[in-house]
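As structure tokens, then:
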């Protein structure tokens with residue numbers, strides 16, 4: 011048996027693989043940070059083996075509550091991802107499965123690699139109504155890609171969508187792909203209507219360095235990008251800095267930031283209710299968006315989510331809060347689960363790339379539902 015993770019988004023430390031029935035592993039911390047939870051590794055040479063993998067440092071992960079009820083993802087072809095039997099006991103995450111093939115991959119969630127990102131960008135740029143530009147570079151020198159759909163015009167709104175500030179939340183870029191799949195279409199009536207009334211800017215991967223390095227939450231310097239929006243700098247968070255520079259030029263009427271939540275088994279939206287100056291009008295727009303999305307996609311719900319900040323107490327370093335504070339726009343964070351969706355469970359795949367893409371696609375029509383109120 012061999013275990014490797016020296017590839018795009020890979021993360022694991024092999025402590026002892028001498029016994030396939032008791033493989034001892036650890037998750038590597040984000041560079042320059044104590045965050046960790048994302049893992050992704052390949053097992054070869056174990057076909058026909060009933061293997062048992064023990065991640066010994068699971069209790070010290072960023073969100074240990076995320077392990078309860080969680081099932082690791084497993085793939086034999088890097089196209090489809092199923093579930094492996096997973097338990098959390100005595101501070102250790104234990105994955106047990108019969109390995110039928112010569113090569114199998116295990117991951118915290120289905121990875122969205124930089125190679126797939128490159129393919130997504132290449133496809134989208136060929137849409138007749140799309141433009142691509144590189145708005146900055148990361149600390150490791152990687153491009154920050156922005157796709158823009160539609161042309162500015164009288165009365166048109168400006169929408170910004172960002173995804174994957176936290177690189178281990180790969181479902182966010184799967185959702186971004188689903189959203190983009192609709193925007194590039196010449197025949198999708200909902201997308202066509204949206205682009206007749208708005209210009210849409212999309213940054214599908216805010217953190218390509220962290221994505222490649224196999225980080226959970228931070229960039230190459232160990233900086234949590236979603237705590238940088240009130241102080242973004244080229245030295246610490248060039249990713250956020252570059253996006254904000256462009257936003258200052260375009261203005262923003264609606265902002266949607268796509269994420270994943272380790273612990274909560276629900277799809278939900280967090281708003282900016284705690285920002286100073288929050289009004290009943292703001293609340294009405296947020297409620298209307300969530301209500302529209304709940305009607306459009308049964309995987310979305312409005313009962314469960316984060317506690318609402320007390321008035322005036324919002325952390326302005328968080329993207330959604332800063333965007334409402336700085337631009338006065340409708341600003342929202344979409345959260346999707348690493349676990350299954352408790353209200354619409356799928357015992358075979360749990361929350362999956364396909365379901366995340368469908369959630370992303372639904373945003374087109376939710377945006378259309380509230381556009382005239384912005």
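In my numbering, the protein residues as written are 11 to 384.
Quick reminder that beta carbons are idealized off the backbone N, C-alpha and C, glycines included.
Short Cβ contact (8 angstroms threshold) for residue i with residue j
| i | j | result |
| --- | --- | --- |
| residue 369 | residue 185 | yes |
| residue 261 | residue 337 | yes |
| residue 192 | residue 41 | no |
| residue 266 | residue 344 | yes |
| residue 145 | residue 253 | yes |
| residue 299 | residue 342 | yes |
| residue 149 | residue 229 | yes |
| residue 102 | residue 68 | yes |
| residue 210 | residue 171 | yes |
| residue 268 | residue 173 | yes |
| residue 378 | residue 160 | no |
| residue 73 | residue 47 | yes |
| residue 167 | residue 207 | yes |
| residue 376 | residue 303 | yes |
| residue 18 | residue 64 | no |
| residue 147 | residue 214 | no |
| residue 177 | residue 221 | yes |
| residue 66 | residue 127 | no |
| residue 348 | residue 76 | yes |
| residue 270 | residue 187 | no |
Distance between residue j and residue i (C-alpha atoms, nearest Å)
| i | j | result |
| --- | --- | --- |
| residue 301 | residue 381 | 14 angstroms |
| residue 273 | residue 78 | 8 angstroms |
| residue 218 | residue 340 | 26 angstroms |
| residue 278 | residue 346 | 7 angstroms |
| residue 34 | residue 240 | 41 angstroms |
| residue 52 | residue 110 | 14 angstroms |
| residue 62 | residue 24 | 13 angstroms |
| residue 119 | residue 245 | 30 angstroms |
| residue 283 | residue 26 | 49 angstroms |
| residue 99 | residue 36 | 15 angstroms |
| residue 316 | residue 293 | 16 angstroms |
| residue 71 | residue 175 | 18 angstroms |
| residue 365 | residue 131 | 21 angstroms |
| residue 14 | residue 305 | 44 angstroms |
Cut-off 6 angstroms between Cβ atoms - residues of its own chain near residue i, not counting five sequence neighbours on either side
| i | result |
| --- | --- |
| residue 286 | 322 |
| residue 59 | 30 and 109 |
| residue 91 | 83, 85 and 120 |
| residue 263 | 167, 168, 339 and 384 |
Residues bridged to residue i [DSSP beta-bridge criterion]
| i | result |
| --- | --- |
| residue 167 | 208 |
| residue 340 | 264 |
| residue 116 | 51 and 84 |
| residue 98 | 103 |
| residue 278 | 345 |
| residue 36 | 23 |
| residue 13 | 53 |
| residue 147 | 153 |
| residue 63 | 33 and 105 |
| residue 213 | 172 |
Close beta carbons around residue i, own chain, < 7 angstroms, minus the five adjacent residues each side
| i | result |
| --- | --- |
| residue 350 | 275, 356, 360 and 361 |
| residue 352 | 275 and 276 |
| residue 325 | 331 |
| residue 20 | 50, 51 and 224 |
| residue 250 | 235, 238, 239 and 242 |
Proximal residues to residue i (C-beta, below 8 angstroms), its chain only, five neighbours per side dropped
| i | result |
| --- | --- |
| residue 55 | 11, 12 and 112 |
| residue 280 | 315, 316, 330, 342, 343 and 345 |
### Query
Does the count of Cβ pairs from the region 234 to 244 and the region 305 to 318 closer than 8 angstroms reach three?
Between the region 234 to 244 and the region 305 to 318, the count of Cβ pairs shorter than 8 angstroms is below three; the stretches do not touch.
### Query
Touch check for the region 134 to 141 and the region 82 to 97: three-plus C-beta pairs under 8 angstroms?
no
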